[in-house]
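Following our numbering, the numbering of the sequence shown begins with 53 at its first residue and continues without gaps.
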Amino acid sequence: MMKPSVAIVLLLVVAEYASLATAAGPKVIIVGAGMSGISAGKRLSDARISDFMILEATDRIGGRIHKTKFAGVNVEMGANWVEGVNGKEKNPIWTMANSTGGLNLRTFRSDFDHLASNTYKQDGGLYDDKFVEKIIERMDEVEESGTKLAGTLHLSGQEDMSVMAMQRLNDHMPTGPARPVDMVIDYYQHDFEFAEPPRVTSLQNTVPLPTFDNFGDDVYFVADQRGFESVVYHVAGQYLKTDKATGAIVDPRLKLNTVVREITHFPSGVTVKTEDNNVYKADYVMVSASLGVLQSELIRFRPQLPSWKILSIYQFDMAVYTKIFLKFPRSFWPVGPGREFFLYASGRRGYYPVWQQFEKQYPGSNVLLVTVTDDESRRIEQQPDNQTMAEAVAVLRKMFPGADVPDATKILVPRWWSNKFYKGSFSNWPIGVNRYEYDLIRAPVGRVYFTGEHTSENYNGYVHGAYLAGIDSADVLINCAKKKLCKYHVRGKHE
Numbered sequence: 053m054m055k056p057s058v059a060i061v062l063l064l065v066v067a068e069y070a071s072l073a074t075a076a077g078p079k080v081i082i083v084g085a086g087m088s089g090i091s092a093g094k095r096l097s098d099a100r101i102s103d104f105m106i107l108e109a110t111d112r113i114g115g116r117i118h119k120t121k122f123a124g125v126n127v128e129m130g131a132n133w134v135e136g137v138n139g140k141e142k143n144p145i146w147t148m149a150n151s152t153g154g155l156n157l158r159t160f161r162s163d164f165d166h167l168a169s170n171t172y173k174q175d176g177g178l179y180d181d182k183f184v185e186k187i188i189e190r191m192d193e194v195e196e197s198g199t200k201l202a203g204t205l206h207l208s209g210q211e212d213m214s215v216m217a218m219q220r221l222n223d224h225m226p227t228g229p230a231r232p233v234d235m236v237i238d239y240y241q242h243d244f245e246f247a248e249p250p251r252v253t254s255l256q257n258t259v260p261l262p263t264f265d266n267f268g269d270d271v272y273f274v275a276d277q278r279g280f281e282s283v284v285y286h287v288a289g290q291y292l293k294t295d296k297a298t299g300a301i302v303d304p305r306l307k308l309n310t311v312v313r314e315i316t317h318f319p320s321g322v323t324v325k326t327e328d329n330n331v332y333k334a335d336y337v338m339v340s341a342s343l344g345v346l347q348s349e350l351i352r353f354r355p356q357l358p359s360w361k362i363l364s365i366y367q368f369d370m371a372v373y374t375k376i377f378l379k380f381p382r383s384f385w386p387v388g389p390g391r392e393f394f395l396y397a398s399g400r401r402g403y404y405p406v407w408q409q410f411e412k413q414y415p416g417s418n419v420l421l422v423t424v425t426d427d428e429s430r431r432i433e434q435q436p437d438n439q440t441m442a443e444a445v446a447v448l449r450k451m452f453p454g455a456d457v458p459d460a461t462k463i464l465v466p467r468w469w470s471n472k473f474y475k476g477s478f479s480n481w482p483i484g485v486n487r488y489e490y491d492l493i494r495a496p497v498g499r500v501y502f503t504g505e506h507t508s509e510n511y512n513g514y515v516h517g518a519y520l521a522g523i524d525s526a527d528v529l530i531n532c533a534k535k536k537l538c539k540y541h542v543r544g545k546h547e
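Pasting the structure below:
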């Protein structure tokens, strides 16, 4: 049997993709139905690009915004707060979540002002609140100095430093926090927000933090039984067909349980191959997979992404933030005004440090939440839940030696890092990156476009960052597909 000539093969490839160019409007495949993918889809739909398909690996939309039933109530495994409220600009997520956006989600303003009165010693009992208050006040003074210093640094990021380096410059615990109480306050101030310690977190990109600087200092805990994911469904329902009775999305353009494994891109179009060996063809593809997934080998690009793109992906950190829920037969912890959050000052930094009780949010549930991050998250994800439960209860018995602390009856440990469809919770911008690296990580490669919270220059790691990134990336694709403005300009590092 004769082999086809190279010329014939080329003609077949051209013919295969010629139909794409003659179709009515561009066809787009969106990979991932998290907030950024759903947001990008709406933006495309608003621009009258409706011939698209959303391929989602899991059995739901929402990505890292996900509720689950625990101890009789729906709790959030991932994003839980609307962060940045009551400031000079309106947070778009807050607009959707509160009554003005139509959802009117059940939310509670989180009050962290009383931590000095709720910081527990490693072996039990409370620290003197005036003692802890002085530590917090000194931390705030250093943060203000850091804000002033960050404002003097060159925009290229070449003078950037870690938050810890800034602390040392201010003679604030020059060798790092050593006492348990110093460690837990430092942890609350930084790791609890960024999921990574100050020694790896960029000063220039986090002090001041644009989310709070622009949208306001208040944060609201979402405790609605419809789930925080209602916001994602709210956006999706504006352009995807839904069942009026159930609210479920029934639009055939959304394909759940469809795992993308390979993206092949040509000058004339793209093909997307899924785990079940189906192949989808389009003019463009918008990849909204998490940074952790891009850093893994779940999705292969053919040809391989250029070195500048690969470097931009690997330069960023995919942090891990784990919210562990514990159910008890009865409550034994302090309640009342100013008692929602409490800290455990362990000699091991980050060991079950930040606790929250739900007297207001889930009354009568007898549920506690403890947050861990980074290495502790990875350690806990790899051990049995009963071991984690025993460790957490042992910490509570140390904190409250006079109380009859019962065994927990249930535990919920999200495993975002182990999950191949996420590989972490959210991105953290490391030292020395700036707008240049942001341009690179968002920049398209031919007909392959990228979005996600990690592509948000100012709001990475936040739900509003994912939402706005979807809009921004869709605009880049729209400019190319409809206006033929396809050149994506990346300014030089030192411009």
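Heads up, the beta-carbon is just placed ideally off N, CA and C, and yes, glycines get one too.
Counted as a single uninterrupted DSSP element, the beta strand (DSSP E) harbouring residue 326 occupies residues 321 to 326. For residue 439, there is no enclosing beta strand (DSSP E); the residue is part of the alpha helix (DSSP H) that begins and ends at 437 to 451. Setting aside the 5 residues that flank it on each side, residue 111 is surrounded in the same chain by 308 and 309, each with a C-beta closer than 6 Å to its C-beta; the list follows chain order. Cβ neighbours of residue 291 within its own chain (closer than 6 Å, five residues either side excluded): 94 and 97. Here residue 439 is exposed, its C-beta having fewer than 16 other C-beta atoms within 10 Å. In this structure, residue 122 sits near residue 377, with a CB-CB distance shorter than 7 Å.
Between residue 303 and residue 79, the C-beta spacing is not below 7 Å. With a 10 Å radius around the Cβ and a threshold of 16 neighbouring Cβ atoms, residue 297 comes out exposed. For residue 119, the uninterrupted beta strand (DSSP E) segment begins and ends at 119 to 122.
In this structure, the alpha-carbon of residue 344 lies about 11 Å from that of residue 504.
Contact holds between the stretch 477 to 491 and the stretch 200 to 215, because three or more Cβ pairs, one in each stretch, are under 8 Å apart. The stretch 137 to 152 makes contact with the stretch 271 to 282, as at least three CB pairs between them are under 8 Å. If you draw a straight line from the Cα of residue 426 to the Cα of residue 141, it is about 31 Å long.
Only residues of its own chain outside the window of five on either side were considered, and among them 384 have a CB closer than 7 Å to the CB of residue 455, listed in chain order. Every unbroken stretch of the beta strand (DSSP E) spanning 3 or more residues and falling wholly within the stretch 299 to 350 is given here in chain order: 312 to 318, 321 to 326, 331 to 334 and 336 to 339. In the three-state reduction of the DSSP assignment, residue 152 falls in the helix class. By the beta-carbon neighbour count (other beta carbons within 10 angstroms, threshold 16), residue 360 is exposed.
Runs of alpha helix (DSSP H) with 4 or more residues, each lying fully within the stretch 114 to 199, are found at 144 to 149, listed in chain order. DSSP places residue 407 inside the beta strand (DSSP E), whose first and last residues are 406 to 409.
In this structure, DSSP gives residue 462 an extended state, which the three-state scheme calls strand. With a cut-off of 8 Å on Cβ pairs, the stretch 185 to 204 is in contact with the stretch 254 to 261, counting three or more such pairs.
Judged by their CB atoms, residue 395 and residue 194 are not nearer to each other than the 7 Å cut-off.
Note that the C-beta distance between residue 202 and residue 256 is below 7 Å. The beta-carbon separation of residue 312 and residue 107, rounded to 6 Å, stays under the 8 Å limit for a contact.
Nearest neighbour of residue 373 by Cα position, chosen from 346, 422 and 387, turns out to be 422. C-alpha of residue 251 to C-alpha of residue 543: approximately 29 Å in a straight line. Rounded to whole angstroms, residue 322 and residue 500 show a C-alpha spacing of 8 Å.
Annotated three-state conformation of residue 471 is coil, per DSSP. Less than 7 Å divides the Cβ of residue 337 from the Cβ of residue 315. About 4 Å separates the beta carbons of residue 268 and residue 138, which is inside the 8 Å limit, making them a contact pair. DSSP places residue 236 in the helix class (H, G or I) of the three-state scheme. Closest by C-alpha distance to residue 433, out of 225, 469 and 401, is 469. When beta bridges are read from the DSSP output, residue 86 appears opposite 114.
Contact check between the stretch 174 to 193 and the stretch 221 to 240: three or more CB pairs, one atom from each, fall below 8 Å, which counts as touching. A residue is called buried once 16 or more other Cβ atoms fall within 10 Å of its Cβ, and residue 176, having fewer, is exposed. DSSP, read as helix, strand or coil, puts residue 91 in helix.
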